[in-house]
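In what follows, a single structure is set out as structure tokens and then discussed.
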Amino acid sequence: MSNRPATALHPGCGTRIDRAPGGMAISLARADTRWRHPWYCGPTWVEADRSWHAVVTPGFVNGRCPTVRTTREKALAAARATWYSGLVSATSGRRDIARAAELAAGGATAGETAGDEDVDMPLYQGPPLRLELRSVSGEPAPEFFRRRGVGDPPQIDGEGRIDRDALSDHQPGRLLKASDIVLHVPRAGLTSTITIEPGLATGQSNVTQRLGTRPPAAGTRLHLWSVPEFDAADFERKIDPLTGMFEEATYDELHLATVYLLSPPGLWWGTDPDHRWTPYVRHRVFWNLCWDQKILQAQRSADGLSMVVPLAAGAGQLAVNFVTAGLNDAYNMALNIIAGQSMAGRFWVATGGGADAAFPQAPSTPTAGVRGLDKDRLAEAAAAAARQKSAATETLDPPWPYRAIGFPRGLLG
Amino acid sequence: MIALENRVMPGSGTLLAATPLGHTVSAAPAGGKWNHPFKPTLYGAGLRFALGLVDGIEPTIGGVPISGGPGGAKQPTLAIEAGTANAAGESWACIELQTDEKGDLAEGSAIEIVHRGEPFVSRGPVARHPVAVVLWKNGRPMRALAVTHFNLRHVAVRLPAGFYQHYFL
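Here it is in structure tokens:
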């Protein structure tokens, strides 16, 4: 082969070229033996959209694959950008860019849509999920990233505003941004209406609480989405006794992973991420999921005054009557009943482990418990503690076998 | 110009990109694999599964244990048909079992792996749990993706409404 530049051969992503007098040998540069578990996130820079996306290895909830809302144009761009990761070839089983791009652009759900029209593509077609980023540089960064040069955040006042004077003194360094990837499962939610009427006795009220179900919003489906910061307490905020709001959310959400983007050194605070930033992922879910929710069924309340009126399946309604002396009591009882009848779904992983799906814990390393004069044991304990600390700061994901979500015993009744 | 015999061609799993500075060859690093229970393999127009257990019992396909059984019987193949797939081109290989009035495995019935257009049945006398998704294109099975990675345990809970709720743990 000629040495002219136009015909020179260079090692690209994932390859190594060894030159010898007899010719060249092209081989895989790195044997990536890590198993690509369900929900494995592969962050990638999509030049066409000038933004970071994640391509997620297909995972399933009760056997169904979630979708990602994207456009055919972005799917094509991501297929070109991520084909080497092997993530876009789930349907064909081949790592062929043309085939992957064709599949990404012409999936069953894409139909006749235009290139810039939104489509819901299942994960096995490799759709890119646009990451909505938050700045972690405004808060103390995890130790893993502090070791990589992420410094202290600029000072923030009590109202969450950045102190501009302090910002001008802030030295350039490595910045950190993050995005949470969330699984969204639509479901029926519990509704409650309360009617309060004067009771027979003075100062008492008859309270009727009607419980019902509300179907998920039309058009919602099992999907993944990205939020700057996932707030698990979002559900509780939906129920607000002060405003008389006693309705559950009509969806469940599960935090699957956090994608971090680490900047190169020497950037000023506030710089937007580009292709030079390095992605890291902390996964939280590693296995396909099972999901279920309780059904609305008749129950007697503790005071024995409840009357239950179950109606047709899916549109069930319960009427609960009780006598109370105060409005606060009524609301508290209503809240207790909602909590008891909550239709919130539960996730678990079927590991065959029965009610406890967690894997056996690795034997703990002797650290603080070691005392005495045995120098060998003390040295061994110190080394184990150092290894443990090092492992915690060198990796974001836990070691194999990955954690699983245990079966929620509450579903058993 | 490169002589034809020295021309570099991209093979399976490689990408050859031509740039003004020369050619770049890239390849996909394959992820690790492991032989988990119920691991599916497309076998012609059918599916075969690695050994997996439900409540310690090996499911069957057409009456033959999925691993072929101790007698050296041939490993059975689950026949899959394109007509079973839904509009999105998905169908499922599922574990299916029938329970009696106590919620236990019904007398004389087996735990079977069947091909279905719906992956999940959790209420009633029949319990169904998906073990693999089959992806179809133009009437042909393109890929089988594993849904279940572990041996399973089945539990049935009797609800006040009089029917059973099935869970695979």
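Residue numbers (this note's numbering), protein chains in the order written: chain X, 92 to 504; chain S, 574 to 742.
Glycine included, each C-beta is placed from N, C-alpha and C at the ideal position.
Given the structure is predicted, the values throughout are model-derived calculations rather than measurements.
Check, Outcome
"Residue 621 of chain S, enclosing beta strand (DSSP E) - first and last residue", "619–622"
"Distance CB(residue 154 of chain X)-CB(residue 693 of chain S) smaller than 8 Å", "yes"
"Same chain, Cβ closer than 6 Å to residue 718 of chain S, neighbours up to 5 away in sequence not counted", "706"
"Span separating the alpha-carbon of residue 289 of chain X from that of residue 303 of chain X", "24 Å"
"Endpoints, beta strand (DSSP E) assigned at residue 741 of chain S", "737–741"
"Boundaries (first-last residue) of the beta strand (DSSP E) holding residue 663 of chain S", "663–671"
"For residue 630 of chain S: DSSP bridge partner residues", "S:627"
"Segments of 3+ residues assigned as beta strand (DSSP E) that fall wholly inside the stretch 302–383 of chain X", "314–318, 342–353, 369–374 and 381–383"
"Of the listed residues X:129, X:162 and X:464, nearest to residue 207 of chain X (C-alpha basis)", "X:162"
"Closer than 8 Å to chain S by CB, residue 149 of chain X", "yes"
"Partners in chain S for residue 275 of chain X, counting only beta-carbon separations shorter than 9 Å", "By Cβ distance, chain S contributes nothing, its closest Cβ being about 18 Å from residue 275 of chain X, past 9 Å."
"Rounded Cβ spacing between residue 436 of chain X and residue 276 of chain X (contact assumed at less than 8 Å)", "6 Å"
"Which of helix, strand or coil DSSP assigns to residue 399 of chain X", "With a pLDDT of only 40 at residue 399 of chain X, under the threshold of 50, the placement of this residue in the model should not be trusted, and no figure is reported."
"Closest Cα partner of residue 629 of chain S within the set S:708, S:684, S:619 and S:612", "S:684"
"Counted within 10 angstroms of its Cβ, other Cβ atoms place residue 721 of chain S as buried (16 or more) or exposed", "buried"
"Residue from S:618, S:726, S:635 and S:697 with nearest C-alpha to residue 646 of chain S", "S:635"
"Check whether residue 505 of chain X and residue 158 of chain X have beta carbons under 8 Å apart", "Residue 505 of chain X lies beyond the stretch modelled for chain X, which goes from 92 to 504, so this question has no answer here."
"Neighbour list for residue 707 of chain S in chain X, Cβ cutoff strictly below 8 Å", "Chain X residues near residue 707 of chain S: none, gap ~11 Å exceeds 8 Å."
"DSSP three-state assignment for residue 696 of chain S, whether helix, strand or coil", "strand"
"Neighbouring residues, chain S, relative to residue 498 of chain X (Cβ below 8 Å)", "740 and 742"
"Extent of the continuous beta strand (DSSP E) run through residue 611 of chain S", "Residue 611 of chain S -> no beta strand (DSSP E), and no H or E assigned at all."
"Contact set between the stretch 680–697 of chain S and chain X, restricted to residues whose Cβ is under 8 Å from the partner", "692, 693 and 695"
"Distance, residue 498 of chain X Cα to residue 441 of chain X Cα", "8 Å"
"Backbone secondary structure at residue 423 of chain X - three-state DSSP", "helix"
"Interface flag, residue 427 of chain X vs chain S, CB-CB below 8 Å", "no"
"Through-space distance from residue 381 of chain X to residue 696 of chain S, alpha-carbon basis", "15 Å"
"Three-state class that DSSP yields for residue 674 of chain S in the structure shown", "coil"
"Sequence-distant residues of the same chain with beta carbon closer than 6 Å to residue 128 of chain X, five excluded per side", "377"
"Euclidean distance between Cα positions of residue 279 of chain X and residue 702 of chain S", "22 Å"
"First and last residue of the uninterrupted beta strand (DSSP E) at residue 685 of chain S", "685–689"
"From S:620, S:598 and S:597, residue whose alpha carbon lies closest to that of residue 687 of chain S", "S:620"
"Residue-chain proximity (residue 366 of chain X, chain S), Cβ-Cβ < 8 Å", "no"
"Alpha carbon of residue 742 of chain S to alpha carbon of residue 727 of chain S, nearest angstrom", "6 Å"
"Boundaries (first-last residue) of the alpha helix (DSSP H) holding residue 237 of chain X", "234–237"
"Minimum Cβ-Cβ distance from residue 174 of chain X to chain S less than 8 Å", "Residue confidence for residue 174 of chain X is low, a pLDDT of 47 falling below 50, so the modelled location carries little weight; the figure read from the coordinates is stated next. For residue 174 of chain X, the answer is yes, since a Cβ of chain S falls inside 8 Å of its Cβ."
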